[in-house]
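Chemist: 323 is the number that UniProt numbering gives to position 323 of the sequence shown; each next residue is one higher, with no gaps. Handing you this structure, nothing more for now.
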Amino acid sequence: MEWNPGFPLSIDAKCHRDLPRDIQFDSEKGVDFVLNYSKAMENLFINRFMHMFQSSWSDFADFEKIFVKISNTISERVMNHWQEDLMFGYQFLNGCNPVLIRRCTELPEKLPVTTEMVDCSLERQLSLEQEVQQGNIFIVDFELLDGIDANKTDPCTLQFLAAPICLLYKNLANKIVPIAIQLSQIPGDENPIFLPSDAKYDWLLAKIWVRSSDFHVHQTITHLLRTHLVSEVFGIAMYRQLPAVHPIFKLLVAHVRFTIAINTKAREQLICEYGLFDKAIKARGMDSTEDIPYYFYRDDGLLVWEAIKKFTAEVVGIYYESDQVVMEDQELQDFVKDVYVYGMRGRKASGFPKSIKSREKLSEYLTVVIFTASAQHAAVNFGQYDWCSWIPNAPPTMRAPPPTAKGVVTIEQIVDTLPDRGRSCWHLGAVWALSQFQENELFLGMYPEEHFIEKPVKEAMARFRKDLEAIVSVIAERNKNKKLPYYYLSPDRIPNSVAI
C-alpha cells in the first residue's frame with residue numbers, strides 16, 4: 001500500500017486490528033503503547049497547560065514549569081547550557097540526530113561566508129579556505145526542508161519552517177562549535193549570515209532555528225523513514241517470501257518484532273538510505289577518531305556494527321557452504337527482490353540490491369537489517385527526552401518567520417516565536433513517551449523464542465552475547481565521570497527491534 005507518495009510501500013492495513021494476529025501487539029504491549037502518553041502527562045504534571053494554545057511563555061525560565069517534575073543528568077545539563085556554542089555543536093555529534101554533520105570540503109556558493117566574517121572564531125591563524133583544506137570546517141545543510149509548507153493544523157496559529165545552512169568549526173580543543181548560520185538557501189540582503197560576533201539574541205535565535213530544523217529532519221527522515229519504515233520493508237518481505245523454517249527468517253524475526261504493528265499504529269494515530277554504517281560515517285568525512293575524538297555515536301556504533309557483522313557472518317557460514325548456494329536459494333533471492341521492487345519501489349538510488357550473489361554480501365545485507373532495526377533506531381530514538389525536553393533547545397514548531405535583518409531580535413520576540421504553552425506540553429509528553437523502554441523489553445542478543453535449535457547457531461549466539469557484553473563494559477568505562485555520558489548504543493540499552 002502506498003501510504004504517502006514516494007515513501008517505501010507499507011502493509012495494506014488501515015489500523016492495527018486489520019493486521020494478521022501474529023504480528024499485532026500482544027495485549028500487554030498494546031496497553032503500554034496506548035497509556036504511555038497519558039502516563040507522560042500525569043508524571044510530568046503538565047495537564048493544566050495542555051490546552052493553553054496561543055498562550056506564550058513569559059521567558060526562558062518559564063519553561064521550567066513543565067520541566068521540573070521529571071529530569072535526568074543530560075536534560076538538566078541541556079537546560080543549563082543550551083545557549084552555549086559548545087552544547088550546540090556537541091549535539092550534532094552525540095544528540096538525537098548525529099547523522100547530518102559532514103566535513104566541508106568546499107564552501108558552497110549559496111553560503112557566501114568570508115574569512116573576515118568568521119575570523120574571530122578561527123583559532124589557528126589560518127584563512128577560512130585554509131581551515132577547509134585542513135579539514136577543520138564542518139557543515140549541516142537543511143536543504144531538504146526548502147519549499148516545504150509548515151503545518152496548518154490550527155487555523156489560529158501560523159507555523160513556520162526554515163531551511164538553514166550551518167557552518168561549524170573544530171577548535172584547538174577538538175570541540176565542534178558553530179561559526180556561521182544562514183537561515184534560508186538563497187543568499188541575499190534579507191537572508192543575512194548570522195555570526196557568533198553578532199548581538200546575543202540575533203545569534204541565539206539563529207541557533208534556535210537550526211535546532212528546530214534539526215528536530216524536523218530527525219523526526220521525519222532520520223527516525224521515521226530510515227528506521228521505522230525501512231525496517232517495515234524488511235519485515236513485510238520476510239513474512240511474504242521466507243517460510244518460518246528458513247534460517248534467514250529465524251535470524252531476522254526477532255528484529256522485526258512489533259515493527260509492522262508500531263508503524264501501523266503510528267500511521268493510524270500519530271502521523272496524519274540504505275547505507276552501511278561504517279561507509280556512511282566515512283562518506284561524511286567523520287571517520288577519523290584523532291581528528292574528531294568525541295564522536296561517541298561513531299565509536300560505539302562501529303563496535304556494535306562489527307559485532308553484528310561477525311554474528312551474521314557466522315550464521316551465514318553455517319547454512320551456506322558457498323556463494324553458489326546463496327545464489328541458488330530462491331526464497332532468499334525472492335526476499336531480496338521483494339525489498340527492492342516493492343519496498344524501495346525499484347529505485348536504484350535506494351542502494352538496495354536486486355539480488356545477492358555471495359556469502360559476504362549476504363552477511364553485509366543482514367547486518368544492515370539488524371543494525372537498522374536495533375542500534376540505529378536506539379541511537380535516534382531513546383535520547384529524545386534527554387535532548388528535546390527543554391523546549392528552547394528543540395522547538396517542534398516556530399510561530400514567527402525567520403529574521404531577515406540583524407540587530408532587531410529581542411528576548412520577547414524569541415519567546416513569541418517558540419511554541420506556546422499547549423504545544424510545548426504535547427511535545428514534552430511525546431518525547432517522554434517515545435523515550436521509554438517497554439516492560440519485558442528484549443535487548444540486542446536476547447532470543448528467548450529459540451527459533452534456532454542447531455547447536456552451531458546457539459554457540460554463535462553465545463559468542464555474540466559475549467561480544468556485546470564486552471562492548472557494554474567498554475562504554476560504561478568510557479562514561480565514568482562524564483558530565484554528558486553517551487549510552488544510547490550500549491547493547492544493554494538497544495532493543496532488538498523497532499517497537500516504539
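Just so you know, even glycine gets a beta-carbon here, dropped at the ideal spot from N, CA and C. For clarity, every value in this text was computed on a predicted model and none was experimentally measured.
1. May I ask you to verify whether the segment 290-307 touches the segment 171-184, counting CB pairs closer than 8 Å and requiring at least 3?
2. If you drop the 5 nearest sequence neighbours on each side, which residues of the same chain put their C-beta closer than 6 Å to that of Met87?
3. Less than 8 Å separating the beta-carbons of Val431 and Cys388?
4. So is Asp214 buried or exposed if we call it buried at 16+ other beta carbons inside 10 Å?
5. Give the C-beta separation of Pro192 and Ala405 to the nearest angstrom, bearing in mind that I take them to be a contact with Cβ-Cβ under 8 Å.
6. With DSSP collapsed to three states, give me the class of Cys166.
7. List in chain order: all unbroken alpha helix (DSSP H) runs of 4+ residues lying wholly within the segment 211-260.
8. Can you pull the DSSP bridge partners for Arg102?
9. Looking at the secondary structure, which residues open and close the beta strand (DSSP E) in which Pro448 lies?
10. Identify whether Asn496 lies in helix, strand or coil by the three-state DSSP scheme.
11. Keeping to the same chain, check which residues put their C-beta closer than 6 Å to that of Arg465; ignore five residues upstream and five downstream.
12. Going by the DSSP bridge assignment, what does Met398 pair with across the sheet?
13. Report the rounded CA-to-CA distance for Phe296 versus Asn381, giving the unit in angstroms.
14. Return the first residue and the last residue of the alpha helix (DSSP H) that Ala476 is part of.
15. Measuring only the C-alpha atoms, how far is Glu360 from Val132?
16. Given a cut-off of 8 Å on the beta-carbon distance, is the pair Ile471 and Pro491 in contact?
17. Can you tell which of Ile186, Lys207, Glu190, Asn393 has its C-alpha closest to the C-alpha of Pro196?
18. In this structure, how does DSSP classify Gly95 when only helix, strand and coil are distinguished?
19. Kindly indicate which three-state DSSP category Ala180 falls into: helix, strand or coil?
20. Count the CB pairs spanning the segment 332-341 and the segment 240-253 that are closer than 8 Å, and state whether there are at least three.
21. State the start and end residues of the unbroken alpha helix (DSSP H) segment that holds Ala283.
22. Is the CB-CB distance between Ala199 and Gly383 below 8 Å?
23. Nearest CA to the CA of Glu232: which residue from Ile475, Thr372, Glu143?
24. May I have the straight-line CA-CA distance separating Glu190 from Ser75, to the nearest angstrom?
25. What residues are listed by DSSP as bridge partners for Gly188?
26. If you run the structure through DSSP and keep just helix, strand and coil, what is Gly89?
27. Check whether the segment 137-152 and the segment 103-113 touch, using three or more Cβ-Cβ pairs below 8 Å as the test.
28. Taking one C-beta from the segment 139-148 and one from the segment 160-167 each time, how about it: are there three or more such pairs within less than 8 Å?
29. Grouping DSSP H, G and I as helix and E and B as strand, with all else coil, what is Lys207?
30. Looking at C-alpha atoms only, which residue of Arg345, Ile391, Val369, Glu477 is the closest neighbour of Leu428?
31. Just how far apart, CA to CA, sit Ala379 and Ser435?
32. Quick one: using the 10 Å Cβ neighbour count with 16 as the cut-off for buried, is Gln54 buried or exposed?
33. Sorted by chain position, which residues of the same chain lie with C-beta nearer than 6 Å to Asn263's C-beta, five sequence neighbours on each side aside?
34. Hey, how far is the Cα of Lys357 from the Cα of Phe194?
35. Only counting the same chain, and skipping five residues up and downstream in sequence, which positions put a Cβ closer than 6 Å to that of Ala254?
36. Where does Ala307 land, buried or exposed, given buried means 16+ other C-beta within 10 angstroms?
Modeler: Result, derived from the coordinates:
1. Touching, yes, given that three or more Cβ pairs across the two stretches are closer than 8 Å.
2. Sequence-distant partners of Met87 (beyond 5 residues in either direction) whose C-beta falls short of 6 Å from its own C-beta, in its chain, are His81.
3. Yes, these two residues count as a Cβ contact at 8 Å.
4. Classification for Asp214: buried.
5. Between Pro192 and Ala405 the beta-carbon gap is near 7 Å, inside 8 Å, which marks them as a contact.
6. In the structure shown, Cys166 sits in a strand (DSSP, three-state: E or B).
7. Whole alpha helix (DSSP H) segments, 4+ residues: 230-241, 247-252.
8. For Arg102, which the question treats as bridged, DSSP gives the partners Ile139.
9. Annotation for Pro448: no beta strand (DSSP E) segment contains it, and DSSP assigns it neither H nor E.
10. Assigned with DSSP and collapsed to three states, Asn496 falls in coil, not helix or strand.
11. Non-local beta-carbon contacts of Arg465 in its own chain, meaning distances under 6 Å to residues more than five positions away in sequence, involve Gly445 in chain order.
12. Bridge partners of Met398 according to DSSP: Phe160.
13. Going by the C-alpha atoms only, they are around 16 Å apart.
14. For Ala476, the enclosing alpha helix (DSSP H) stretches over residues 455-479.
15. The straight-line gap from Cα to Cα measures roughly 37 Å.
16. By the CB criterion at 8 Å, Ile471 and Pro491 fall inside the cutoff.
17. Considering only alpha carbons, the answer is Lys207.
18. Coil at Gly95, not helix or strand.
19. Secondary structure at Ala180: strand, using DSSP grouped into helix, strand and coil.
20. Two segments are said to touch when three or more pairs of C-beta atoms, one from each, lie closer than 8 Å; by this definition the segment 332-341 touches the segment 240-253.
21. Here the alpha helix (DSSP H) through Ala283 covers 277-283.
22. The answer is no: Cβ separation not under 8 Å.
23. Comparing Cα positions, the closest option is Thr372.
24. Approximately 35 Å between the Cα atoms of the pair.
25. DSSP output for Gly188 lists Asn191 as bridge partner(s).
26. Under the three-state reduction of DSSP, Gly89 is assigned to helix.
27. Flag = yes, the segment 137-152 and the segment 103-113 touch.
28. Because the criterion of three Cβ pairs below 8 Å is met, the segment 139-148 and the segment 160-167 touch.
29. Here Lys207 carries a helix assignment [DSSP, helix/strand/coil].
30. Considering only Arg345, Ile391, Val369, Glu477, the residue with the shortest C-alpha distance to Leu428 is Ile391.
31. Looking at the two C-alpha atoms, the distance is approximately 11 Å.
32. Caution applies to Gln54, whose pLDDT of 48 falls short of 50 and renders its modelled position unreliable; the value that the coordinates give is listed next. With fewer than 16 other Cβ atoms within 10 Å, it is exposed.
33. Confidence in Asn263 is poor, its pLDDT being 49 and thus under 50, which makes the residue's placement too unreliable to answer from.
34. Distance between the alpha carbons of Lys357 and Phe194: 51 Å.
35. Correct list, in chain order: Tyr447, Asn496.
36. Ala307 should be labelled buried.
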